Each structure stands twice: as C-alpha cells, then as structure tokens.
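K.L.:
In the numbering used here, the protein residues as written are 18 to 313.
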Amino acid sequence: MKTRFAARVLCVGIATLDIVNQVEGYPAENSEVRALSQTQRMGGNAANTAIVLSQLGVNTSWVGNLPASSALVEQTFGHYGVDYALAMRLPDAVLPTSYITLNRDNGSRSIVHYRDAPEYAFEAFVRIDLRRFDWLHFEGRAVEQLTRMLLYARDLPGLRISLEVEKSRPGIEDLFEYADLLFFSHDYARAQGYKDAPTLLNSLKKGQVATCTWGSEGAWGIDQDGRLLQARAPNLSTVVDTVGAGDVFNAAMISGLCRDETWPAALQSAVDLASLKCGKDGLDLDQPVLATPLIE
C-alpha cells in the first residue's frame, strides 16, 4: 500500500477501452500482418493520469462519463485505488474505444479512435463539491464544456488548475489563461507550427507556467518568471511502449508540485518516470522495466 499524503486531485476527462495490437513493424496499406500480442486495457488521458497519480501516493478521483459497458474501467480504477464515485452514468452509451497499433521495432503507436457517446457536461461537473479538492486536472477536449468548467472552477479559492493541451482544437488557446499549469504535447506544438518546445513556451503570455514534452529529448518548462529549463530524458536500450507516456509525465509533475518539489526537480522527475514507462508495457509502475537506461 502506497503512503498517501494530504493533496487531493480530481482528474476530469475521458476513459476508454484500449485494444492494443503489437506488431513487428507498421503494416503497409492493404496488407495483412500477424499481431505479436493483443491486450485490452483502460485508456483515456485523464483516466491514465489518475491511476498513475494514485500509484504515486496522491489521493485521486476521476470524473467523466461511464457508459454501461465500463466494467474494465471500473475494475482498473478499483485496482489502483482511484475514486470514481462522482462519474456520470450513461446506461445507453457505449464505452469509447481506441484501436492501437504498437510497433515493436521503434515503440511508435498509431491510433484509430471510435466514440459514440456524449462528452462530459458542465451540468454534471457543477454538482461536484470542489472544495474537497486541492488540484483539478483537465483533459483538453470538448472546449465548449471545458470553458464553462474552467470559468466556474476559477472562482473557487485555493484550487490549483492544470490543463493538458495534447491536440489542436478550435478555441482551446482561449482557455490558457484559466490554468495555473499548462501541459503541451509535441504534437500540439508541431501542429501550431512551432519548430521546438522553447519557441512555443516563449510565445505564451508573461507569467504563464507550462511544460512541453519532446519525445527522446525530454521536456522543457517555463516558470512564472519566464525562465526556461530543459529536463533531458535518459537513453533507453529500446523503446517498448509509448502509449500513455505523456499521461505519466503529467501525473508525475502534478505529484511533485503537490509535494512542494522545486520546479527543476519536479520536471526532471516527470521526464525520468515517463522515460522509464516507455521501457515497459502499460502503466503499472510496479511492473519491471524491460528496457534499461544506457549509461553514457
């Protein structure tokens, strides 16, 4: 049993069924290949972040929509000690599903996502007693609903708010000012035309605190005083599974800051943990690492 500490974090976003097919190399179009393995596990950025936070000793809750077919999600949350009692039950909806092709050759993953369920709504969120929590972490999706949630949460004293910006979605830039911490992805930065993480971070409004992950190069962060910092990633002997690495980074960063770690220490710890995750299958931190860091 992990030692828990006082911080209480609520993660807001989606939970999915991930069907992961591992292949020797990415298949060519109109070809047939045999999968080396197939696993089914819970996915979804906010849901993944929640189970990693809980493993790091944080009192963690998750909220979002739970269709009737969510047994795997509930089992996973229960296994890792994540409270999901606040979730909105949708008996007539189907659990969103991601079909993931994981390339064993280089660790890359390609995703086909199918969703036939509504997004989590502000009307459900506003019923939550947010005074129970110290930190709210939002997955950057459903911008219209998210805008209302952030505006509502900002009026409550003492709450720290983080926002994950993984994909380029219309209007999401208008929400940056409502978050105390922004988590940018490499994909978002490139989609916006930024050649590197420092260029993106330096473009933000003065005083905005943010990070941007950049694959094998690690991550950059910018603090409230505009100071840039890079945390380098350790070199791995091989990359096993990159699915959820960004969620591990976000969780480790939140955990570190909740523990009052310094900004550089929290950033480096987050990069190290996300890198080690890439050397193992799944998000169970107690599972052995299959790829080891190389000593330079």
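Glycine is no exception: its CB is placed at the ideal position from the N, C-alpha and C atoms.
Predicted, not measured: the structure shown is a model, and the values here were computed from it.
When the Cα of residue 181 is compared with those of 164, 157, 161, which residue comes out closest?
P.N.:
157
K.L.:
Classify residue 214 as buried or exposed, calling it buried when 16 or more other Cβ atoms lie within 10 Å of its own Cβ.
P.N.:
buried
K.L.:
Round the Cβ separation of residue 183 and residue 81 to the nearest angstrom and send it over; I've been treating them as touching at under 8 Å.
P.N.:
Not really, about 16 Å apart at Cβ, beyond 8 Å.
K.L.:
Assuming residue 112 and residue 33 make a contact with CB atoms under 8 Å, what is their CB distance in whole Å?
P.N.:
7 Å
K.L.:
Below 8 Å between beta carbons: does that hold for residue 258 and residue 295?
P.N.:
In this structure, residue 295 lies closer than 8 Å to residue 258 by Cβ.
K.L.:
Apart from the five residues just before and just after residue 54, which ones in its own chain have a Cβ nearer than 7 Å to its Cβ?
P.N.:
39
K.L.:
Counting Cβ pairs closer than 8 Å, one from the stretch 73-87 and one from the stretch 96-115, do we hit at least three?
P.N.:
yes
K.L.:
As an exercise, report each continuous alpha helix (DSSP H) stretch of at least 4 residues that is fully enclosed by the stretch 202-230, in chain order.
P.N.:
203-208, 214-219
K.L.:
By the DSSP assignment, the alpha helix (DSSP H) with residue 238 in it spans what residues?
P.N.:
Element bounds for residue 238: not the alpha helix (DSSP H) but the beta strand (DSSP E), 236-239.
K.L.:
Using beta-carbon positions only, say whether residue 250 and residue 233 come within less than 8 Å of one another.
P.N.:
yes
K.L.:
Kindly indicate which residue of 118, 126, 70, 138 has the alpha-carbon position closest to the one of residue 107.
P.N.:
138
K.L.:
Classify residue 70 as buried or exposed, calling it buried when 16 or more other Cβ atoms lie within 10 Å of its own Cβ.
P.N.:
Under a 10 Å Cβ-count criterion, residue 70 is classified as buried, with 16 or more other Cβ atoms of the shown protein chains found around its own Cβ.
K.L.:
Throw me the rounded Cβ distance for the residue 151 and residue 25 pair, which I believe falls under 8 Å.
P.N.:
5 Å
K.L.:
Between the beta-carbon of residue 282 and the beta-carbon of residue 270, is there less than 8 Å?
P.N.:
The Cβ-Cβ distance between residue 282 and residue 270 does not fall below 8 Å.
K.L.:
Given this structure, state the Cα-to-Cα distance separating residue 105 from residue 303, to the nearest angstrom.
P.N.:
30 Å
K.L.:
So, are the CB atoms of residue 177 and residue 146 less than 8 Å apart?
P.N.:
no
K.L.:
Just verifying my parser: in three-state terms, what is the DSSP assignment at residue 17?
P.N.:
Here the chain has residues from 18 to 313 only, and residue 17 is not among them.
K.L.:
Starting from the C-beta of residue 274, find all residues in its chain whose C-beta is less than 6 Å away, skip the five residues before and the five after it, and write them out in chain order.
P.N.:
283
K.L.:
Tell me the DSSP secondary structure of residue 48 in three-state form.
P.N.:
In the structure shown, residue 48 sits in coil (DSSP, three-state: anything other than H, G, I, E or B).
K.L.:
Quick check on residue 68: buried or exposed, where buried means 16 or more other Cβ atoms within 10 Å of its Cβ?
P.N.:
buried
K.L.:
Return the first residue and the last residue of the alpha helix (DSSP H) that residue 281 is part of.
P.N.:
The continuous alpha helix (DSSP H) containing residue 281 extends over residues 280-294.
K.L.:
Report the option in 93, 84, 229 whose CA atom is closest to the CA atom of residue 136.
P.N.:
84
K.L.:
In the DSSP assignment, find the unbroken alpha helix (DSSP H) run with residue 93 in it and report its ends.
P.N.:
88-97
K.L.:
Quick check on residue 133: does DSSP put it in helix, strand or coil?
P.N.:
coil
K.L.:
Tell me which residue opens and which closes the beta strand (DSSP E) that residue 81 is part of.
P.N.:
Residue 81 -> no beta strand (DSSP E), and no H or E assigned at all.
K.L.:
Among 187, 221, 248, 265, which has the Cα closest to the Cα of residue 299?
P.N.:
265
K.L.:
Go through its chain and collect everything with a Cβ distance to residue 122's Cβ below 7 Å, but skip five positions before and after it.
P.N.:
41, 42
K.L.:
When DSSP labels each residue in this structure, what does residue 303 get in the three-state scheme?
P.N.:
DSSP places residue 303 in the coil class of the three-state scheme, outside both helix and strand.
K.L.:
Report all residues from its chain with a CB closer than 6 Å to the CB of residue 115; omit the five preceding and five following residues, and keep chain order.
P.N.:
These residues qualify, in order along the chain: 33, 35, 60, 128, 130.
K.L.:
Going by DSSP, what residues sit across from residue 106 in a beta bridge?
P.N.:
83
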